[in-house]
Amino acid sequence: MQTPKKIAIVGSGLVGTLLGIYLKKRGHQVDVFDRSPDIRKINFSGRSINLVMSNRGWKTLRDIGLEDEIKKIGIPVDKRCIHMVDSSLIYQNYGKDGECIYSLSRGVLNKRMIDLAEQAGVNFKFEQKVWDVDLTTATISIGESERGEWTTEDYDLTFGSDGAFSRIRHRMQRQSMFNYSQEFLEIGYKELHIPANEDGSHKLDKNSLHIWPRGRFMLMALANLDGSFTCTLFMPHDGENSFESLTNKDQLITFFGLHFPDTKAVIPDLVEDFFKNPTSYLVTMKCFPWTYSDKVALIGDACHAIVPFYGHGMNAGFEDITVLNEMIDKYGDDWANLLNEYENSRKPNTDAIAELSYRNFMEMSSKTADAKFLLQKKIEKWFSDKHPDKWMPLYSRVTFSLQPYSEALAIGDFQNKIMEEVMQMENIEEKWNSEEVEQKIIQLLNSKFQ
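One gets our numbering by counting positions in the sequence shown from 1 and adding 69 to each.
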């Protein structure tokens with residue numbers, strides 16, 4: 070058992086709330102601050118991408134005894150459903166039988182996590198704007214405005230879990246030798262909505278991630294428990310086929326009729342949703358260091374915000390907590406060393422998932438509708454089924470294993486080089502599952518060890 074500390078967590082999102090439960094169960098006093106109102110008391114809509122929970126996130130919940138509780142509010146998703154322009158459908162299973170991710174409404178999950186944290190004894194302070202932190206004392210400064218009067222509250226340790234535009238990180242950036250970068254995608258997103266049927270059932274297959282891949286833009290949909298789907302339209306901010314180019318009802322209806330014709334029957338409020346909901350931005354943010362002595366630490370998006378195309382922002386943030394918890398087991402009260410090892414072990418892996426997430430946009434928006442790409446994935450699955458000891462597809466490494474992201478990226482790059490050679494074989498379309506192809510892959514795999 071650690072010596073109890075008075076700990077502040079800034080940010081009541083998913084990572085901050087779950088971290089609060091972990092620290093409270095370690096015997097600490099935990100106060101969670103958030104500048105927004107209590108999410109349980111407001112309408113949460115219009116600016117969301119549904120979350121997907123995979124093995125890394127489930128492990129963090131399982132370790133604290135919450136896996137079964139959260140699975141009650143999720144929907145298992147075992148495949149992609151690709152909607153082609155001609156309205157035909159192509160299904161791609163994610164993994165082996167029984168392997169799936171879970172679709173979770175961000176709002177529903179966040180509300181449930183706060184309830185569970187309060188039950189564990191975590192104290193929440195909503196509508197409290199934290200503007201600054203003293204890095205040497207962990208004292209936080211709170212006030213109505215950035216230039217108004219502030220009051221201070223003393224803590225032994227402060228965690229910044231306040232997202233990609235973190236105020237705690239902002240303070241850390243003002244010290245020497247702090248590296249920081251942010252890169253906005255030219256792609257933005259907007260939330261749309263598929264309502265449930267009158268009987269409460271889903272209009273589309275609820276156990277699929279639905280994708281309408283159209284190159285530089287795409288539509289995506291994930292099911293909710295109430296029979297609806299949360300849809301996300303990803304598009305460039307400006308130029309041809311962009312948010313900027315869709316300024317009125319007629320342009321929007323024509324655009325969707327041309328590119329997403331099968332959505333006409335399932336998105337009745339397209340015009341209202343499109344012009345009511347904001348267009349949001351996508352950013353990758355990296356920084357280092359994540360900690361200052363034994364007083365201040367960053368976690369989740371505050372130190373490694375990523376784009377959502379691998380569905381791992383939440384999972385990576387939860388895995389931060391898993392690693393931090395392992396460091397607590399290892400170092401006990403030596404917070405300076407445990408925080409130092411936490412940041413050094415996580416940094417290469419969060420950089421790797423940032424790269425993987427960026428690449429996956431190209432896969433989802435373009436390649437999922439490409440015949441050659443589909444054949445490559447079919448060969449990988451066939452070979453993996455025959456030789457599970459020799460080959461695990463990259464997606465499975467990232468989503469259905471706990472292998473460090475950095476290792477998954479490196480092995481995935483090596484496997485892709487092998488597949489590039491395999492795909493150049495003559496008549497590969499006809500002999501894709503032949504002994505010749507099997508031996509070619511084995512030969513290329515063995516060459517790694519020669």
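Quick reminder that beta carbons are idealized off the backbone N, C-alpha and C, glycines included.
These numbers come from a predicted model, not from an experiment.
Between the CA atoms of residue j and residue i - distance to the nearest angstrom
i      : j      : result
Glu215 : Trp200 : 6 Å
Asp439 : Phe324 : 22 Å
Ile497 : Tyr160 : 21 Å
Glu313 : His306 : 6 Å
Asn394 : Tyr91  : 8 Å
Val202 : Gln98  : 18 Å
Ile510 : Glu168 : 25 Å
Leu463 : Met70  : 39 Å
Met289 : Phe303 : 8 Å
Lys141 : Leu87  : 17 Å
Tyr163 : Ala477 : 16 Å
His279 : Ser235 : 32 Å
Asn248 : Lys148 : 39 Å
Lys486 : Gly85  : 39 Å
Leu185 : Asn124 : 21 Å
Leu339 : Gly386 : 33 Å
Leu471 : Thr419 : 13 Å
Asp402 : Lys94  : 15 Å
Leu367 : Lys272 : 41 Å
Met546 : Gln251 : The structure shown does not extend to residue 546, since the chain spans only 70 to 519, so no value can be given for it.
Thr205 : Lys259 : 41 Å
Met433 : Trp219 : 46 Å
Phe357 : His373 : 9 Å
Met431 : Lys446 : 15 Å
Leu408 : Lys364 : 9 Å
Arg181 : Asn192 : 15 Å
Ile183 : Ser81  : 8 Å
Phe378 : Asn310 : 20 Å
Lys345 : Lys416 : 38 Å
Asp155 : Pro330 : 8 Å
Pro473 : Ser465 : 12 Å
Lys455 : Ala207 : 55 Å
Delimiting residues of the alpha helix (DSSP H) encompassing residue i
i      : result
Asn192 : Counting along the chain, Asn192 falls outside any alpha helix (DSSP H), though it belongs to the beta strand (DSSP E) covering Asn192 to Phe195.
Met287 : Note, Met287: premise wrong, no alpha helix (DSSP H); beta strand (DSSP E) at Met287 to Ala292.
Leu88  : Leu83 to Lys94
Gln445 : Ala440 to Lys455
Gly176 : Arg175 to Ala189
Ser516 : Glu504 to Ser516
Met354 : Careful: Met354 lies outside any alpha helix (DSSP H), inside the beta strand (DSSP E) at Ser349 to Phe357.
Thr468 : Leu463 to Thr468
Ile497 : Ile497 to Lys500
Beta carbon proximity, residue i to chain B, threshold 9 Å
i      : result
His262 : Of the chains in the structure shown, none is chain B; there is only one protein chain.
Collapsed DSSP secondary structure at residue i in the structure displayed
i      : result
Leu120 : strand
Gly380 : coil
Pro330 : helix
Val99  : strand
Ile170 : strand
Ile111 : coil
Lys558 : No answer is possible for residue 558: the residues shown for the chain start at 70 and end at 519.
Phe387 : helix
Trp200 : strand
Ala77  : strand
Gln161 : strand
Phe234 : coil
Leu226 : strand
Thr419 : helix
Ile375 : coil
Trp460 : coil
Thr220 : strand
Thr323 : helix
Ile397 : helix
Cβ-Cβ separation, residue j to residue i (assumed contact under 8 Å), whole Å
i      : j      : result
Val376 : Ser426 : 5 Å
Arg104 : Lys198 : 4 Å
Leu444 : Trp501 : 6 Å
Phe253 : Leu135 : 34 Å between Cβ atoms; not a contact.
Ile108 : Gly176 : 7 Å
Trp359 : His152 : About 40 Å; that fails the 8 Å criterion.
Ile448 : Tyr224 : Between Tyr224 and Ile448 the Cβ distance is about 55 Å, and since that is not below 8 Å, they are no contact.
Continuous beta strand (DSSP E) stretch holding residue i: start and end
i      : result
Met492 : Looking at the DSSP string, Met492 is not in any beta strand (DSSP E); the run it does join, the alpha helix (DSSP H), is Tyr474 to Met492.
Phe298 : Phe298 to Pro305
Ile336 : Unbroken run through Ile336: none, as it is neither H nor E.
Glu255 : Asn248 to Ile263
His152 : Lys148 to His152
Ala366 : Val365 to Leu367
His279 : Ser277 to Pro282
Ile139 : No beta strand (DSSP E) holds Ile139; the alpha helix (DSSP H) holding it covers Glu136 to Lys140.
Ile556 : The first residue shown for the chain is 70 and the last is 519, placing residue 556 beyond what the model contains.
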